[in-house]
Amino acid sequence: MVRAGFQNHVYQTFGLRSSVERFFGYLKDRSRVFYNNINPKKTLFAPLVDFLQLFMHWYTTWR
């Protein structure tokens, strides 16, 4: 890392950044699963709200 110019680089396994990246990884994976069940012809925001409710239900209970 020093040769690449990162003198102050700190490797952190369990930190805030890894938690945030894990959350968005779950969001990305779940959006692939729910993508076919979202109907964009209803309204503009209803499918997004439906997806977020399903995702938060999964994230809080089934995980």
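The opening position of the sequence shown corresponds to residue 1 in full-length UniProt numbering, with each subsequent residue numbered one higher. Note that CB positions come from ideal geometry on N, CA and C, so glycine has one too.
- In whole angstroms, what is the alpha-carbon distance linking LEU54 and LEU27? Rounded to the nearest whole angstrom, the C-alpha separation of LEU54 and LEU27 is 11 Å.
- Item | Rounded straight-line distance, which links the Cα of ALA4 to that of PHE45 | Spanning the two alpha carbons is a distance of roughly 45 Å.
- Does DSSP put GLY5 in a helix, in a strand, or in coil? In the three-state reduction of the DSSP assignment, GLY5 falls in the coil class, being assigned neither a helical nor a strand state.
- Query: Roughly how many angstroms separate the alpha carbons of GLY25 and ASN8, rounded to a whole number?
  - Reply: C-alpha of GLY25 to C-alpha of ASN8: approximately 27 Å in a straight line.
- Task: Return the residue from the list THR61, TRP62, PHE51 that minimises the CA-CA distance to ARG32.
- Result: Nearest of THR61, TRP62, PHE51 to ARG32, Cα basis: PHE51.
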